[in-house]
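Following: one structure in structure tokens, then a few remarks.
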Amino acid sequence: KRDPEGYKQEFLLQFRHFHTLLEIFKLKPSDDAKPFERLVDFIAHVSMCYPEDTKDFTTDMISLMDEHHDVLDGSLRRTIAQSLILLRNRGRLDTTTLLPLFFRLFKCSDKRL
């Protein structure tokens, strides 16, 4: 976070890996998600350093939660929700966009969420 330009190439490599895992995950959302979960958390935390590169990250996470919330692993569902809250707190996401998704998530039978 102190020198974002110095780590930009490494970040872009991780971000491309995230997109690859996202596409694979959309095909089989019930598979093991630990590597994907770690990448979501990482990108959410450093997205402020690379706003142009991560401008579609929030919409990707919202659409993933909206489409697959019922089959996602509970830990991944919670990580995505926490990442969206973090992005909201940092001003990268509107509350009016996030709240309807969270209200739809009330249908999940996930007590940890």
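Residues 560 to 672 (our numbering) are what the sequence shown spells out, left to right.
All C-beta atoms in this analysis are idealised placements derived from N, C-alpha and C, irrespective of residue type, glycine included.
None of these values were measured; they are calculated from a predicted model.
Test: residue i CB closer than 8 Å to a CB of chain B
i, result
"Glu582", "In the structure shown, chain B cannot be found, because there is only a single protein chain."
The ligand NAD heavy atom lying under 7 Å from the CB of residue i
i, result
"Lys587", "Summarising the ligand content, the structure contains no ligands, and the ligand NAD is consequently not present."
Inter-residue Cα distance where the pair is residue i and residue j
i, j, result
"Asp612", "His604", "14 Å"
"Thr656", "Asn648", "13 Å"
"Phe616", "Cys667", "23 Å"
"Tyr566", "His628", "33 Å"
"Asp590", "Thr654", "30 Å"
"Asp625", "Gln568", "31 Å"
"Ile644", "Phe601", "14 Å"
"Gly650", "Leu586", "31 Å"
"Gln573", "Phe661", "27 Å"
"Arg637", "Leu664", "11 Å"
"Thr579", "Arg561", "27 Å"
Residue burial classification, residue i (beta-carbon count within 10 angstroms, cutoff 16)
i, result
"Arg597", "exposed"
"Phe595", "buried"
"Ile583", "exposed"
Residue j beta carbon less than 8 Å from that of residue i
i, j, result
"Ala592", "Asp632", "yes"
"Val630", "Pro659", "no"
"Ser634", "Val599", "no"
"Leu623", "Ile639", "yes"
"Phe570", "Tyr609", "yes"
"Ser606", "Leu646", "yes"
Start-end ranges of the alpha helix (DSSP H) lying completely within the stretch 593 to 645, minimum 4 residues:
Counting whole runs of 4 or more residues, the stretch 593 to 645 contains the alpha helix (DSSP H) stretches 593 to 605, 616 to 627.
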